[in-house]
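Asks: Here the protein sequences come in this chain order: A and B. Residue numbering for the first sequence is 17 to 449, as defined by the numbering used here. Residue numbering for the second sequence is 205 to 786, as defined by the numbering used here. Have a look at this one.
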Amino acid sequence: MAAPLTLLLLVAVTVRAALYRSSLADLISERVEVVSPLTAWKRVVEGLALLDLGVSPYSGDVFHETPLIIYLFHFLVDYAEITFMLADVITAVALYLSVKDYNKQVFRKQKYALEADRYPLDCLELIRSPKEMQYIPLKVAMFYLLNPFTILSCVAKSTCGLNNAVIALFVLSTIKGNVLLSAIFLSLATYQSIYPLTLCAAALLYLLQRQYIPVNLRRFSFWWFVAQYAFMYLGSLFVIVGLSFFLLGSWDFLPSVYGFILSVPDLTPNIGLFWYFFAEMFEHFRLFFLCVFQINVFFYTVPLSIKLKEHPVFLIFMQLAVISIFKSYPTVGDIAASFIKHHKASSASSLNIFLVSCVLLACSALFPVLWHLWIYAGSANSNFYYAITLLFNVAQILLVSDYFYAFLRREHHLSHGLYLKRKDGSEATLVLK
Amino acid sequence: PAPKPNQPTSFEATADKEDTSAPETVVQSSVPQPKDDFQEELVIRPLHSGDIYASFQFRTLWETDFMRGNKVSHYRLFPKSLGQVISKFSVRELHISFTQGYWRTMQWGQPFLPSPPGAELWVWFQDSVTDVDGTWKELTNVLSGIFCASLNFIDSTNTVQPSASFKPLGIGNVTDHRFLRYATLPREIVCTENLTPWKKLLPCGSKAGLAVLLKSEKLFHSSFHSQAVHIRPVCQDWQCKTTSWELRQTLNVVFDLHTPGQGKLEWSLFKMFSRTLTEACPLASSSKIYIDITDDPQGEQFEVSPATHLLSQAMVLGDRRTFSVYDLTQQITFGTVRSLNLLIRWKSSEDMLRPLLHAERYVAGYGLQTGEIHTLMYNNHPYRSFPVLLLDSVPWYLRLYIHTLTVTSKGKDNKPSYIHYQPSKDRVRPHLLEMLVQLPPNSVTEVTVQFERALLKWTEYTPDPNHGFYVGSSVISSLVPSIVAMDTNSTREQPLFSSFFPCKEESSYFMRVYTEPLLVNLPTPDFSMPYNVICLTCTVVAVGYGSLYNLLTRSFQIEEPSPGLAKRIANIIRKMRGVPPL
Numbered sequence: 017m018a019a020p021l022t023l024l025l026l027v028a029v030t031v032r033a034a035l036y037r038s039s040l041a042d043l044i045s046e047r048v049e050v051v052s053p054l055t056a057w058k059r060v061v062e063g064l065a066l067l068d069l070g071v072s073p074y075s076g077d078v079f080h081e082t083p084l085i086i087y088l089f090h091f092l093v094d095y096a097e098i099t100f101m102l103a104d105v106i107t108a109v110a111l112y113l114s115v116k117d118y119n120k121q122v123f124r125k126q127k128y129a130l131e132a133d134r135y136p137l138d139c140l141e142l143i144r145s146p147k148e149m150q151y152i153p154l155k156v157a158m159f160y161l162l163n164p165f166t167i168l169s170c171v172a173k174s175t176c177g178l179n180n181a182v183i184a185l186f187v188l189s190t191i192k193g194n195v196l197l198s199a200i201f202l203s204l205a206t207y208q209s210i211y212p213l214t215l216c217a218a219a220l221l222y223l224l225q226r227q228y229i230p231v232n233l234r235r236f237s238f239w240w241f242v243a244q245y246a247f248m249y250l251g252s253l254f255v256i257v258g259l260s261f262f263l264l265g266s267w268d269f270l271p272s273v274y275g276f277i278l279s280v281p282d283l284t285p286n287i288g289l290f291w292y293f294f295a296e297m298f299e300h301f302r303l304f305f306l307c308v309f310q311i312n313v314f315f316y317t318v319p320l321s322i323k324l325k326e327h328p329v330f331l332i333f334m335q336l337a338v339i340s341i342f343k344s345y346p347t348v349g350d351i352a353a354s355f356i357k358h359h360k361a362s363s364a365s366s367l368n369i370f371l372v373s374c375v376l377l378a379c380s381a382l383f384p385v386l387w388h389l390w391i392y393a394g395s396a397n398s399n400f401y402y403a404i405t406l407l408f409n410v411a412q413i414l415l416v417s418d419y420f421y422a423f424l425r426r427e428h429h430l431s432h433g434l435y436l437k438r439k440d441g442s443e444a445t446l447v448l449k
Numbered sequence: 205p206a207p208k209p210n211q212p213t214s215f216e217a218t219a220d221k222e223d224t225s226a227p228e229t230v231v232q233s234s235v236p237q238p239k240d241d242f243q244e245e246l247v248i249r250p251l252h253s254g255d256i257y258a259s260f261q262f263r264t265l266w267e268t269d270f271m272r273g274n275k276v277s278h279y280r281l282f283p284k285s286l287g288q289v290i291s292k293f294s295v296r297e298l299h300i301s302f303t304q305g306y307w308r309t310m311q312w313g314q315p316f317l318p319s320p321p322g323a324e325l326w327v328w329f330q331d332s333v334t335d336v337d338g339t340w341k342e343l344t345n346v347l348s349g350i351f352c353a354s355l356n357f358i359d360s361t362n363t364v365q366p367s368a369s370f371k372p373l374g375i376g377n378v379t380d381h382r383f384l385r386y387a388t389l390p391r392e393i394v395c396t397e398n399l400t401p402w403k404k405l406l407p408c409g410s411k412a413g414l415a416v417l418l419k420s421e422k423l424f425h426s427s428f429h430s431q432a433v434h435i436r437p438v439c440q441d442w443q444c445k446t447t448s449w450e451l452r453q454t455l456n457v458v459f460d461l462h463t464p465g466q467g468k469l470e471w472s473l474f475k476m477f478s479r480t481l482t483e484a485c486p487l488a489s490s491s492k493i494y495i496d497i498t499d500d501p502q503g504e505q506f507e508v509s510p511a512t513h514l515l516s517q518a519m520v521l522g523d524r525r526t527f528s529v530y531d532l533t534q535q536i537t538f539g540t541v542r543s544l545n546l547l548i549r550w551k552s553s554e555d556m557l558r559p560l561l562h563a564e565r566y567v568a569g570y571g572l573q574t575g576e577i578h579t580l581m582y583n584n585h586p587y588r589s590f591p592v593l594l595l596d597s598v599p600w601y602l603r604l605y606i607h608t609l610t611v612t613s614k615g616k617d618n619k620p621s622y623i624h625y626q627p628s629k630d631r632v633r634p635h636l637l638e639m640l641v642q643l644p645p646n647s648v649t650e651v652t653v654q655f656e657r658a659l660l661k662w663t664e665y666t667p668d669p670n671h672g673f674y675v676g677s678s679v680i681s682s683l684v685p686s687i688v689a690m691d692t693n694s695t696r697e698q699p700l701f702s703s704f705f706p707c708k709e710e711s712s713y714f715m716r717v718y719t720e721p722l723l724v725n726l727p728t729p730d731f732s733m734p735y736n737v738i739c740l741t742c743t744v745v746a747v748g749y750g751s752l753y754n755l756l757t758r759s760f761q762i763e764e765p766s767p768g769l770a771k772r773i774a775n776i777i778r779k780m781r782g783v784p785p786l
């Protein structure tokens, strides 16, 4: 499998390099759908220039990256393009390896379940065979690398690509069962943008499952493992935050980075729901709705973990999707990260998924058109762009829930059989009640 | 202008200024009165474009100490409201100007006292002030009441502390720029309501002396109108043994050639101001009118009547200029008709000197997302280069990217030797950029910086959001090399217009040039939509919540078909009868 993967990586790198050299690179790095005030490359360069002038980058309101990014790009600013291409390559390879490893585990579990006769006889066609799963890792890597959203994000040099790389490494280390590395990568991802904190539960569930510790609140072994993981995670987070303090010698970065993500002072339009909502918000209710919207991102962790405690890897992907829809400054790079779940497509509702995907594509095409009409032509106003934002987010939500529905239905069939019969023997339909 | 804030009654308007009694009948008191002195002058300069420039200056010098414990209670020539402002807010220097119109340097030359369009206020506080920001806020509100202007719009989002551009113009050794505050309101409109309280500060009011010419219907019917108040401590004599407080009230106005609509190139006091002069202010120690006749020593270009034999020469703006002087304290100036109506009649026209330093500014780019500010500085000296300090204060909602700052002269990169940049904080303070740039001789230096336009909250827009947002003028300060040796001694007899900016060396003079203010459009949200937006966005979030809630709390079950309507009614009847259902 190394050869097709290498070929894929070469093609991806070539496409990106070609785009870097063309005139589209400048155009793409200005698009608000691709970069946000948190991730724009222009702002990283501005922060470095401020540092050269002797002013702290956090004394103004232009730079909102973490100090480790300053550290990294202080040395790598001339090789920025290579850095971002490398980040994409790392993400793809990490996803490839993690999906391969995960498939092996899935097969092993399936084999045991088949031997134990746990599956009803008529759902054998739902069981995955090694043959059809052989190309799945490559498809996942290809889907990520050749996704236009990812390519745009990489060409714009948005630091979202670095965040995606760290999350992919976290997924890889979790699936491989390495507790320490998983904690470290998760703390790096949380350090850069707060929202990956919700992936903690999924990682814990998976690692507990892998070590055969039952999730029972009354058992000591469960709490001991949770304490270990929490210690490693919080410890590495504190170490990274402390390192950032020593870089610039002040705690200015805390309100500039985390205060900015949570309190949303900058209302630059993007593909998310926050900007227009808070541009039109009555001042009296601003704090209330800010809390509601931020809680909304973290709020699905507990119910999803309870429902999906047997399937923590799917939980990870669901959490990523929820984060990318409801975070305060989403970009298409986040959307790309959340599309990784596509390889789990099942046939149950593929028509629905096809329709929703078409809506997403149409919206992606309409974004630049309506932006131009508002900002440059002056013949439309902000409502047009906002409407497409709403539609885009609704489509994403429907896509996520369709995938979730398909997944749950497949699990139901695996345990109750594919062809169901009613009491009187006629064919039955399944509904959610 | 915004409604006046409620002021305590101690800041009443100086209604008690109509002191018509002769200066000699002073009330005897136990404490010797500190000496005060009032001078007034008017300089009229015909400009080559046919316009005429009139500059009034009224100076009150008072040897008193506002800062020591003994409260000053007897005010004579110095206005009480300003004296109380100085002592209450521990002000060392105060400069406030209100300007309508933009000074066209290329057509009119250099003004004696430059000022930017709108309102400009810069203050040096004494170093005894502990909370400068709080004092600044109170001071702007009080001045807003005194001058009937909306200076209460000055807050931290348009106030900066320049580190090099605004050094004190009076004596004093405090140069810590923590005590300096500079703010401008480019949107401020100047009208009669601002002129009236300004005139009330004068010792003679508008009843006698040169101030009778200040009639608002003529003054505001002009191309440029600027009125200012400058307060600073100055030395009384050459050794500086005693200091006194100097209050200068200046009014610069440029009358347009074509406005009177008569077509004849002829100016008179009556035509400009609809009044003539009948007497000097009795409280003034000197009251003079200067007509600039440098460009016409032999009387070929224009003719001034009534003629005068008094001539004076002064070094101003790097040039030695000759003036005809009319002394209003002499009775013979008014002649037999007891009234002075100066008449200037043009005979021909000629090109004028190019000013040595000149600046322009504009916004480049298209669309509402990004833009670029270009500032052009022209050095028209044939062989000397000199450094200039450029001060730019850009509001926070135009996010400057300092890494895109380029300074080019004659096509080549010209790196500034000193850059002081303070980035903005959203809704708290503006950008401050100060640079020291060396201008090569006979060249244009272009400073460009890119910016990004922010989307504001709907309540932060003005009621006319599509008018645009104003960016205050850039300030360019420099020591310009002068052709003739400047006079470094400051004496009482020096005309006021040449003694405003202190002159420390003979080879150069201080000049300040203001660029145009900019008008920039920002993207606007739809102001009619707050409720709709809240509903729609919450609907989308609810769609997400609802779908996930369904999937999380429900499980799959086999569906039992529900019986038809007839069967259901039959079942109900059967239940009522107590019979098992179908």
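Even for Gly, the Cβ is constructed at its ideal location relative to N, Cα and C.
(1) Report the residues of the stretch 604-618 of chain B with a CB closer than 9 Å to any CB of chain A, ordered along the chain.
(2) Could you check what DSSP says for B/K708 in three-state terms: helix, strand or coil?
(3) Is there a Cβ of chain A sitting closer than 8 Å to that of B/G467, yes or no?
(4) If we count the other Cβ atoms within 10 Å of its Cβ and call it buried at 16 or more, is B/T334 buried or exposed?
(5) Using the beta-carbon count (16 or more within 10 Å), is B/N456 buried or exposed?
(6) For A/G251, which of helix, strand or coil comes out of DSSP?
(7) A/Y292: buried (16+ other C-beta within 10 angstroms of its C-beta) or exposed?
(8) From the beta carbon of A/V280, is the nearest beta carbon of chain B less than 8 Å away?
(9) Just the Cα atoms here: how many angstroms apart are B/S427 and A/Y402?
(10) Hey, is A/L178 close to the ligand SAH, as in C-beta under 7 Å from one of its heavy atoms?
(11) Could you confirm whether any beta carbon from chain B is found closer than 8 Å to the beta carbon of A/R425?
(12) How close, in whole Å, do the beta carbons of B/L481 and B/L532 come, if the pair is a contact with beta carbons under 8 Å?
(13) Nearest-angstrom Cα distance between B/K166 and A/L204?
(14) Is B/G571 close to chain A, meaning its C-beta is less than 8 Å from at least one C-beta of that chain?
(15) Using a Cβ cut-off of 8 Å (strictly closer), state whether A/A361 contacts chain B.
(16) Measuring straight from C-alpha to C-alpha, what distance separates A/H428 and A/T82?
(17) Any Cβ of chain A within less than 8 Å of the Cβ of B/P727?
(18) What would DSSP say about B/G801, mapped onto helix, strand or coil?
(19) Leaving out five residues on either side along the sequence, give the residues of the same chain with a beta carbon under 7 Å from the beta carbon of A/K192.
(20) Flag this pair as yes or no: are the beta carbons of A/L223 and A/T190 separated by less than 8 Å?
(21) Pair every Cβ in the stretch 175-187 of chain A with every Cβ in the stretch 92-106 of chain A, then say whether three or more of these pairs are closer than 8 Å.
(22) Within the stretch 572-599 of chain B, note down every full beta strand (DSSP E) run reaching 3 residues or more, in order along the chain.
(23) Would B/T361 pass as an interface residue toward chain A - the criterion being a Cβ-Cβ separation below 8 Å?
(24) What does the alpha-carbon distance come out to for the pair B/S682 and B/L580?
(25) Determine the chain B residues that contact A/E81 at a beta-carbon separation under 7 Å, and present them in chain order.
(26) Mind checking the stretch 280-299 of chain A against chain B and listing, in chain order, the residues whose C-beta falls within less than 9 Å of any C-beta there?
(27) What are the boundary residues of the alpha helix (DSSP H) that includes B/N754?
(28) What's the C-alpha gap between A/L54 and A/H90?
(29) Could you please give the first and the last residue of the uninterrupted beta strand (DSSP E) stretch that includes A/H90?
(30) According to the Cβ coordinates, are B/M715 and B/Q314 closer than 8 Å?
(31) Suppose you measure from the CA of A/L35 to the CA of A/A181; what does that come to, to the nearest Å?
(32) What is the C-beta distance between B/F673 and B/Y601, in whole angstroms, given that I count them as a contact (C-beta under 8 Å)?
(33) Looking only at its chain, what residues have a beta carbon closer than 6 Å to the beta carbon of B/T728, apart from the 5 residues adjacent to it on each side?
(34) Taking CB distances under 8 Å as the criterion, tell me whether A/H428 reaches chain B.
(35) Considering only C-alpha positions, which residue in the set A/E299, A/V122, A/G349, A/L259 is nearest to A/Q225?
Replies: Working from what's here:
(1) L604, Y605, I606, H607, T608, L609
(2) Here residue 708 of chain B refers to the residue found at position 504 of the second sequence. Of the three classes helix, strand and coil, the one that applies to B/K708 here is coil, per DSSP.
(3) Looking up residue 467 of chain B in the second sequence gives position 263. Low per-residue confidence applies at B/G467: pLDDT is 48, beneath 50, and the placement is therefore not dependable enough to give any value.
(4) Residue 334 of chain B sits at position 130 when you count from the first residue of the second sequence. Its Cβ having fewer than 16 others within 10 Å, B/T334 is exposed.
(5) In the second sequence, residue 456 of chain B corresponds to position 252, counting from 1. Flag for B/N456 reads buried.
(6) Reading the first sequence from its first residue, position 235 is the one you call residue 251 of chain A. It is helical.
(7) The residue labelled residue 292 of chain A in the question sits at position 276 within the first sequence. So A/Y292 ends up on the buried side.
(8) Translated into positions along the first sequence, residue 280 of chain A becomes position 264. No, no contact with chain B.
(9) In the second sequence, counting from the first residue as 1, residue 427 of chain B sits at position 223. In the first sequence, counting from the first residue as 1, residue 402 of chain A sits at position 386. For B/S427 and A/Y402, the distance between alpha carbons rounds to 45 Å.
(10) The ligand SAH is not among the ligands present in this structure, which contains no ligands whatsoever.
(11) Residue mapping note: residue 425 of chain A aligns to position 409 of the first sequence, counting from 1. Yes, its Cβ sits closer than 8 Å to a Cβ of chain B.
(12) Locating residue 481 of chain B in the second sequence gives position 277, counting from the first residue. Locating residue 532 of chain B in the second sequence gives position 328, counting from the first residue. 7 Å between Cβ atoms; contact.
(13) The shown model of chain B, from 205 to 786, leaves out residue 166 of chain B, and the question about it has no answer.
(14) Counting from 1 along the second sequence, the entry for residue 571 of chain B is found at position 367. Chain A contact via Cβ: present.
(15) Position 345 of the first sequence holds residue 361 of chain A. For A/A361, the predicted model reports a pLDDT of 49, less than 50, meaning its position is unreliable and no value from the coordinates is stated.
(16) Against the first sequence, residue 428 of chain A aligns to sequence position 412. Against the first sequence, residue 82 of chain A aligns to sequence position 66. If I take the Cα positions, the gap works out to 44 Å.
(17) Against the second sequence, residue 727 of chain B aligns to sequence position 523. Chain A contact via Cβ: present.
(18) Residue 801 of chain B lies beyond the residue range present for chain B, which begins at 205 and ends at 786; the question has no answer from this structure.
(19) In the first sequence, residue 192 of chain A corresponds to position 176, counting from 1. Only D117 meet the Cβ criterion.
(20) Here the question's residue 223 of chain A lines up with position 207 in the first sequence. Here the question's residue 190 of chain A lines up with position 174 in the first sequence. Going by C-beta atoms, A/L223 is nearer than 8 Å to A/T190.
(21) yes
(22) 574-583, 590-598
(23) Reading the second sequence from its first residue, position 157 is the one you call residue 361 of chain B. False, the Cβ-Cβ gap to chain A never drops below 8 Å.
(24) Along the second sequence, read from residue 1 onward, the residue named residue 682 of chain B stands at position 478. Along the second sequence, read from residue 1 onward, the residue named residue 580 of chain B stands at position 376. Rounded to the nearest angstrom, the two C-alpha atoms are 15 Å apart.
(25) For the purposes of this step, residue 81 of chain A is taken as residue 65 along the first sequence, with counting starting at 1. None at all; the shortest Cβ gap to chain B is about 14 Å.
(26) P281, D282, L283, T284, P285, L289, F290, W291, Y292, F293, F294, A295, E296, M297, F298, E299
(27) Position 550 of the second sequence, counted from the first residue, corresponds to residue 754 of chain B. Its alpha helix (DSSP H) spans residues 734-757.
(28) Counted from its first residue, the first sequence places residue 54 of chain A at position 38. Counted from its first residue, the first sequence places residue 90 of chain A at position 74. Going by the C-alpha atoms only, they are around 18 Å apart.
(29) Taking the first residue of the first sequence as position 1, residue 90 of chain A is located at position 74. Note, A/H90: premise wrong, no beta strand (DSSP E); alpha helix (DSSP H) at 83-92.
(30) Position 511 of the second sequence, counted from the start, is the residue given in the question as residue 715 of chain B. Position 110 of the second sequence, counted from the start, is the residue given in the question as residue 314 of chain B. Taking 8 Å as the Cβ cut-off, B/M715 and B/Q314 qualify as a contacting pair.
(31) Start at 1 with the first residue of the first sequence, and residue 35 of chain A comes out as number 19. Start at 1 with the first residue of the first sequence, and residue 181 of chain A comes out as number 165. Distance between the alpha carbons of A/L35 and A/A181 is about 21 Å.
(32) Here residue 673 of chain B is taken as the residue at index 469 of the second sequence, counted from 1. Here residue 601 of chain B is taken as the residue at index 397 of the second sequence, counted from 1. About 7 Å; that satisfies the 8 Å criterion.
(33) Taking the second sequence and counting its residues from 1, one reaches residue 728 of chain B at position 524. Within the same chain, B/T728 has close Cβ partners P669.
(34) Numbered from its first residue, the first sequence carries residue 428 of chain A at position 412. Closer than 8 Å to some Cβ of chain B, the Cβ of A/H428 qualifies, so yes.
(35) Taking the first residue of the first sequence as 1, we reach residue 225 of chain A at position 209. Here the closest residue by C-alpha is A/V122.
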